[in-house]
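Notes to accompany the following structure.
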Amino acid sequence: MYKKLAIIGGTALVVLGGAALPAVAGPGGGDKPITLDAKGCKLAQDLRPVQDDRLAIINGDAAQRGSVAWIKAEAAKARAAGNTKKADKLDAAATKRTDQAKKIETRKVKVDKAITWCAANGFATK
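Heads up: the sequence shown begins at 9 in this note's numbering, then just goes up one per residue.
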């Protein structure tokens, strides 16, 4: 399920991040003016809860499968069992997951700007 969620969220981020958000940033500073439309606005509105859900998983406690804390706990178990190779891989995965959280936070700001732009330009919210 998480893999499917990541694929859907990642695809939406690519579509939204690559096409729609430069217009939100404004026409100055080398941004290419891209027009948001109703479809892009709906995508932005649909993407926001997905980002929140993903962050809730990443920032969850050690009982939340897939969270940074859970991955670190698994690494500790592997290290205690003498499997340092697995523990090192899990530590790298925890670092990568922390970086993903930072990227999602940055993208949340951009999606919020897109949603604000949509509301200000007459594209109805849900």
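Every residue, glycine too, gets a C-beta built ideally from N, C-alpha and C.
Report the residue from the options whose alpha carbon sits nearest the alpha carbon of residue i.
i	options	result
Thr103	Leu51, Asn91, Trp78	Trp78
Asp60	Lys47, Asp45, Gln108	Gln108
Arg115	Gln72, Gln53, Ala81	Gln53
Assuming residue i contacts residue j (C-beta within less than 8 Å), just tell me the rounded distance between them.
i	j	result
Ala95	Ala86	4 Å
Asp69	Ala83	About 16 Å separates the two Cβ atoms, so there is no contact after all.
Val76	Ile66	6 Å
In whole angstroms, what separates the C-alpha of residue i from that of residue j?
i	j	result
Gly36	Lys121	Its pLDDT being 39, under 50, Gly36 is placed unreliably in this model, and the value from its coordinates should be taken loosely. Going by the C-alpha atoms only, they are around 16 Å apart.
Ile123	Asn91	47 Å
Ala64	Gly130	31 Å
Leu55	Lys93	36 Å
Glu113	Thr106	11 Å
Lys97	Asp45	43 Å
Val117	Ala88	40 Å
Ala127	Ala81	43 Å
Val119	Gly74	24 Å
Lys161	Ala71	Here the chain comprises residues numbered 9 to 134, so residue 161 is not present and cannot be evaluated.
Lys111	Gly48	20 Å
Arg62	Trp125	24 Å
Under a CB-based cut-off of 9 Å, is residue i close to chain B?
i	result
Gly48	Looking for chain B here will not work: only one protein chain is present.
Jot down the residue ranges of each uninterrupted beta strand (DSSP E) in the segment 46 to 70, minimum 3 residues, whole runs only, in chain order.
-> none
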